[in-house]
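Numbering (our numbering), first residue to last: 25 to 161. A short worksheet on the structure shown next.
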Amino acid sequence: MTPFSFTITNTCDIFASYTVNLESLKGSNLSSKFLNAMINNEEIKRLSDYETTDVVNNGSIESHTLARGSLGSGDSEDYTLRIWIDYDTTMEDLNNEIKTFKSKIVVKAQPSNWSPVDEGYITLHDAILANEYLEFS
């Protein structure tokens with residue numbers, strides 16, 4: 025299965041924290057409890073098991089946070105996302121109907137006052153790896 029690949033780049037001159045969210049769009053009628061998702065070849069999880077968050081787009085009905093991170097000025101992070109119907113899903117689960125899933129990746133970023141140097145990291149790369157899933161203020 026070919027993943028959806030994208031890159032997040034901090035084009036600002038300050039450190040920023042971000043979340044990668046997957047928003048289900050209006051017109052989707054396949055429940056997130058029947059979908060598996062895998063971000064960056066990490067653990068496979070049901071989409072419904074990812075943390076829910078507020079939608080950003082008016083055309084969205086549900087949003088799940090797939091990843092969190094932070095980037096220094098000019099830094100980038102690559103992502104790959106795979107989504108598929110869970111193997112154990114039956115036609116009865118789907119009410120014997122054809123279902124549709126439409127979604128959009130939404131990245132929400134905000135300035136951060138967190139400093140990798142203050143935390144004792146020598147390189148930003150080390151700080152990002154050590155704190156990949158922490159939410160910064």
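Just so you know, even glycine gets a beta-carbon here, dropped at the ideal spot from N, CA and C.
Item                                                                                                      : Value
Beta-carbon proximity of Y103 to I63, cut-off 8 Å                                                         : yes
Proximity to G96 [Cα-Cα], best of I32, F28 and M25                                                        : I32
R106 vs A61 beta-carbon contact at 8 Å                                                                    : yes
Top-ranked residue by Cα proximity to D117, from S56, F39, E47 and V80                                    : S56
Exposure label - V44; buried when at least 16 CB within 10 Å                                              : buried
Three-state secondary structure assigned by DSSP to S94                                                   : strand
N81, buried or exposed, once every other Cβ within 10 Å from all chains shown has been counted against 16 : exposed
Assigned exposure category for S161 - 16 Cβ within 10 Å defines buried                                    : Any reading at S161 needs caution, since the residue's pLDDT is 37, under 50, leaving its predicted position unreliable; the model's value is listed next. Answer is exposed; the Cβ neighbour count stays below 16.
Beta-carbon gap between K128 and N53 smaller than 8 Å                                                     : no
Exposure of S100, with buried meaning 16 or more beta-carbon neighbours within 10 Å                       : exposed
Burial state of E47, where buried means 16 or more other Cβ atoms lie within 10 Å                         : buried
Residue interval of the beta strand (DSSP E) (run including K132)                                         : S127 to P135
Three-state secondary structure assigned by DSSP to K69                                                   : strand
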